[in-house]
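Worksheet for the structure shown next.
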Amino acid sequence: MAMSAADDQLAVERVLGGDISAFEEIVRRWQSPLVNLAFRFCHDRGRAEEMAQEAFLRAYRNLKQWRKEAAFSTWLFALATNFYRSELRRIPVYVPIDDVREPADPRAQDGGLEEEDRDRAVRRAVFTLPEKYREALILFYFHEMDVPAAARSLGLPEGTFKARLFRGREILRGKLPQLLAVARLKEA
Amino acid sequence: MSEEMMFEAMMSGVTRSGAMPSEVTTLRALGIVPDPTASAPSAASEKDMISMGGKMNNDELDRILSRPDDIQPSSGFAASVMDAVRAEAAAPPPIPFPWTRALPVLLVAALALLAVAIAGIAAIVQISRQPAAPELAASWWSSALAPYTSGAVGTDLAWTAAALLAAFVSVRVSMRLASGKV
Numbered sequence: 292m293a294m295s296a297a298d299d300q301l302a303v304e305r306v307l308g309g310d311i312s313a314f315e316e317i318v319r320r321w322q323s324p325l326v327n328l329a330f331r332f333c334h335d336r337g338r339a340e341e342m343a344q345e346a347f348l349r350a351y352r353n354l355k356q357w358r359k360e361a362a363f364s365t366w367l368f369a370l371a372t373n374f375y376r377s378e379l380r381r382i383p384v385y386v387p388i389d390d391v392r393e394p395a396d397p398r399a400q401d402g403g404l405e406e407e408d409r410d411r412a413v414r415r416a417v418f419t420l421p422e423k424y425r426e427a428l429i430l431f432y433f434h435e436m437d438v439p440a441a442a443r444s445l446g447l448p449e450g451t452f453k454a455r456l457f458r459g460r461e462i463l464r465g466k467l468p469q470l471l472a473v474a475r476l477k478e479a
Numbered sequence: 446m447s448e449e450m451m452f453e454a455m456m457s458g459v460t461r462s463g464a465m466p467s468e469v470t471t472l473r474a475l476g477i478v479p480d481p482t483a484s485a486p487s488a489a490s491e492k493d494m495i496s497m498g499g500k501m502n503n504d505e506l507d508r509i510l511s512r513p514d515d516i517q518p519s520s521g522f523a524a525s526v527m528d529a530v531r532a533e534a535a536a537p538p539p540i541p542f543p544w545t546r547a548l549p550v551l552l553v554a555a556l557a558l559l560a561v562a563i564a565g566i567a568a569i570v571q572i573s574r575q576p577a578a579p580e581l582a583a584s585w586w587s588s589a590l591a592p593y594t595s596g597a598v599g600t601d602l603a604w605t606a607a608a609l610l611a612a613f614v615s616v617r618v619s620m621r622l623a624s625g626k627v
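Chains as they are written, first to last, in the working numbering: chain A, 292 to 479; chain B, 446 to 627.
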């Protein structure tokens with residue numbers, strides 16, 4: 292990771308020095324995380340790539356603003372997160388909550404949804420949460436449960452972020468039985 | 446009842462009293478409206494529901510949510526981004542705002558605004574003087590504005606002419622600025 296951070300810094304310095312091709316190193320290194328972060332926000336592959344491309348462009352335009360106090364990745368994720376949030380406020384995402392696959396296991400007809408379907412329903416249920424809780428959950432799990440990193444991406448104090456995370460989980464837990472009932476109803 | 450409304454009702458836990466029979470059936474199936482004719486839910490289904498939502502703990506949620514459907518960027522993604530970056534770099538820099546040209550105009554506009562404000566205050570003072578307000582008439586600003594408040598009709602005409610002139614000048618100047626003939 293230290294190696295990657297040094298590589299980022301070197302690439303940024305080269306870009307700022309006029310070597311645009313050095314930006315490709317940054318794009319190749321961070322394309323997957325940025326596209327996946329966008330995908331978690333919008334759940335649409337095409338839109339995720341469009342949003343990630345615009346995030347990279349904004350990063351390129353504002354490269355001088357990276358103060359090097361934090362890691363380049365932290366700055367990049369914060370920039371991308373802010374852009375994704377504003378983009379989704381502009382054109383909200385609609386994820387059908389009942390879009391779960393048909394059960395493949397015959398036992399599922401009696402006993403309920405397959406585990407994979409249930410997991411998918413849970414993940415989709417995140418999109419039914421109010422924005423501030425949804426963002427907290429998406430970033431918490433995107434940053435692999437690193438509260439400081441997720442809080443920095445949202446520009447929130449850690450305490451506020453933890454409170455949102457807690458509340459988001461509570462709401463999600465409360466909604467799950469009904470969401471799963473809808474999925475079961477669609478199956479029937 | 447649309448699916449969206451059904452979902453809203455389900456989320457809020459509120460049922461509508463005027464629901465159609467088919468809607469009631471749906472709501473019963475969702476567990477929102479109790480079904481008196483239905484037999485007790487099977488133990489398996491009840492347990493299923495509890496384990497799925499009611500008593501799902503943080504560890505279980507963590508496990509489910511930390512395994513999202515990751516995607517790989519398409520093969521041309523990096524190239525597409527770099528094309529956009531190169532196009533951005535090749536584009537001419539944005540034209541800076543012409544402050545040197547705009548400043549005199551802005552100054553004139555500010556002065557005109559100030560004049561209008563003074564005229565407005567003067568008019569208010571003139572109106573308030575009529576129903577005998579001695580303390581107001583005695584105030585320093587009222588006396589300072591006295592020259593503007595005398596001769597109402599003549600002043601109105603003068604201000605109207607001044608406003609028209611200011612509008613004409615500002616339109617002309619902005620047109621000249623836009624065509625770069627200053």
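Each residue gets a CB set at the ideal place from its N, CA and C atoms; glycine is no exception.
With a Cβ-Cβ cutoff of 9 Å, do Ala297(A) and Leu325(A) count as a contact?
No, the Cβ-Cβ distance between Ala297(A) and Leu325(A) is not below 9 Å.
If you pair each beta-carbon of the segment 531 to 546 of chain B with each one of the segment 442 to 461 of chain A, do three or more pairs fall below 8 Å?
They do not touch, by the three-pair rule.
With 7 Å as the C-beta to C-beta threshold (strictly closer), list the residues of the segment 549 to 572 of chain B near chain A in chain order.
Within the segment 549 to 572 of chain B, no residue has a Cβ that lies closer than 7 Å to any Cβ of chain A.
Is there at least one Cβ from chain B nearer than 9 Å to Ser323(A)'s Cβ?
Interface residue, yes.
Between Ala342(A) and Ala329(A), which are expected to be in contact by the criterion C-beta below 8 Å, what is the C-beta distance as a whole number of angstroms?
Reading the sequence as shown, one finds Met at residue 342(A) and not Ala. At roughly 4 Å, the Cβ-Cβ gap stays under 8 Å, so Met342(A) and Ala329(A) are in contact.
Along the chain, where does the alpha helix (DSSP H) containing Arg512(B) start, and where does it finish?
Counting along the chain, Arg512(B) falls outside any alpha helix (DSSP H), and DSSP gives it neither H nor E.
How would you list, in chain order, the residues of chain B whose beta-carbon sits under 8 Å from the beta-carbon of Asp410(A)?
Ile509 and Arg512, listed in chain order.
For a quick check, are the C-beta atoms of Ala369(A) and Arg425(A) less than 9 Å apart?
Going by C-beta atoms, Ala369(A) is not nearer than 9 Å to Arg425(A).
Cα-Cα, which of Pro539(B), Ala606(B) and Ser615(B) is closest to Leu552(B)?
The shortest Cα separation from Leu552(B) among Pro539(B), Ala606(B) and Ser615(B) belongs to Ser615(B).
Whole angstroms are fine: how far does the CA of Ser377(A) sit from the CA of Ala302(A)?
Cα to Cα, the separation comes out at about 28 Å.
Is it the case that the Cβ atoms of Arg409(A) and Ile509(B) are separated by a distance below 9 Å?
Yes. Within cutoff.
State the start and end residues of the unbroken alpha helix (DSSP H) segment that holds Gly565(B).
Note, Gly565(B): alpha helix (DSSP H), Trp544 to Arg574.
Would you mind reading off the limits of the alpha helix (DSSP H) that contains Thr372(A)?
Counting along the chain, the alpha helix (DSSP H) containing Thr372(A) begins and ends at Phe363 to Arg381.
Kindly indicate if chain A contains any beta-carbon less than 9 Å away from that of Pro518(B).
Yes, Pro518(B) lies at the interface with chain A (some Cβ there is under 9 Å from its Cβ).
Since I believe Glu340(A) is in contact with Pro541(B) (beta carbons under 8 Å), could you give me their beta-carbon distance rounded to a whole number of angstroms?
At roughly 34 Å, the Cβ-Cβ gap does not stay under 8 Å, so Pro541(B) and Glu340(A) are not in contact.
Which residues in chain B have a C-beta closer than 9 Å to the C-beta of Met342(A)? List them in chain order.
Going along chain B, no residue has its Cβ under 9 Å from Met342(A), so there is no contact; the nearest lies around 12 Å.
Can you find the residues in the same chain that come closer than 7 Å, C-beta to C-beta, to Lys423(A), ignoring five residues on each side of it along the sequence?
Correct list, in chain order: Arg455.
Under 8 Å Cβ to Cβ from Ile462(A), same chain only, skipping five residues before and after it: list those, please.
Once the five neighbours on either side are set aside, the close Cβ partners of Ile462(A) are Leu420, Pro421 and Tyr424.
Going by the beta-carbon positions, is the gap between Asp299(A) and Ala362(A) smaller than 9 Å?
Against a cut-off of 9 Å, the Cβ pair of Ala362(A) and Asp299(A) comes out as a contact.
Using the rule of at least 16 other Cβ atoms within 10 Å of the residue's Cβ for burial, across every protein chain shown, is Leu445(A) buried or exposed?
Counting Cβ neighbours within 10 Å, Leu445(A) comes out buried, since at least 16 surround it.
Should Gln575(B) go down as buried or exposed, given a rule of 16 or more other Cβ atoms within 10 Å for buried?
Classification of Gln575(B): exposed, given that the 10 Å Cβ count is below 16.
Is there at least one Cβ from chain B nearer than 9 Å to Ala441(A)'s Cβ?
No, because no Cβ of chain B sits closer than 9 Å to the Cβ of Ala441(A).
Could you list which residues in chain A have their beta carbon closer than 8 Å to that of Ser624(B), in chain order?
Result: empty, since nearest Cβ-Cβ is about 31 Å, beyond 8 Å.
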